[in-house]
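Peer 1: Residue numbers (my numbering): 663 to 859.
All residues carry an ideal CB built from backbone N, CA and C; glycine is no exception.
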């Protein structure tokens, strides 16, 4: 019977050999690196580091040689190694924090660009709507137009009233037929009877 690893119809599973690197959450590691980089940029870190170096130098300079762990005669080799190791780890952590910040800035810029495009589209839409309203309002009677029309109508009515009043005065001035009394004081429309013989 053939070995299943030598069969050609199945993909070969590649096995990792050697040390297995533990998997870490990149987000958690990034947060830790950002916190470390942020702490290294504070005055507290500089003060703590200065105190640490001063205590180290004073201890290894003035203490008895039996108590010194990094003697001056060896030019503080251990301190130099520690500071070099700190710098070698600090630089990649700072770069990682900067890369994460660049990614966040890129996402923020993309969101700002999308928001700006949306605002531009909204502004153009509102501009078109305002222009359409202005065009529509040209055909609609405005308040000033209605007032001017009503004022003209009122003036025209007053003119007609004045003209009608003048015509009425003219008719009053015309001579009317008098229905007054006749010669003997009788009414004019009563026929006078002949005098008796």
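1) Is the CB-CB distance between residue 699 and residue 744 below 8 Å?
2) Just curious, the alpha helix (DSSP H) that residue 719 is in, first and last residue?
3) Between which two residues does the alpha helix (DSSP H) holding residue 750 run?
4) Take every Cβ of the region 770-779, pair it with every Cβ of the region 730-746, and state whether three or more of those distances are shorter than 8 Å.
5) I want to know whether the region 682-701 touches the region 747-761 - three or more CB-CB distances under 8 Å.
6) Between the Cα of residue 703 and the Cα atoms of 765, 752, 810, which residue gives the shortest distance?
7) Let me confirm a value: residue 737 is counted as buried when at least 16 other C-beta atoms fall within 10 Å, else exposed. Which label applies?
8) Output needed for residue 788: all residues of its chain with C-beta closer than 7 Å, excluding positions within five of it in sequence on either side, in chain order.
9) Using only CA atoms, which one of 689, 671, 684, 683 lies nearest to residue 766?
10) For the alpha helix (DSSP H) that residue 688 lies in, which residues bound it at each end?
11) Under the three-state reduction of DSSP, which class applies to residue 625: helix, strand or coil?
12) Roughly how many angstroms lie between the CA atoms of residue 816 and residue 810, to the nearest whole one?
13) Taking the alpha-carbon positions, what's the residue 685 to residue 762 distance?
14) Given this structure, state the Cα-to-Cα distance separating residue 733 from residue 748, to the nearest angstrom.
15) Residue 722 and residue 714 look like a contact to me (Cβ under 8 Å); what is the Cβ gap, rounded to whole Å?
Peer 2: Quick answer:
1) no
2) 705-724
3) 739-800
4) no
5) yes
6) 752
7) exposed
8) none
9) The residue with the shortest Cα to Cα distance from residue 766 is 689.
10) 688-702
11) Since the displayed the chain opens at 663 and closes at 859, residue 625 lies outside it and no answer follows.
12) 10 Å
13) 19 Å
14) 20 Å
15) Actually they do not touch by this definition, with Cβ atoms about 12 Å apart.
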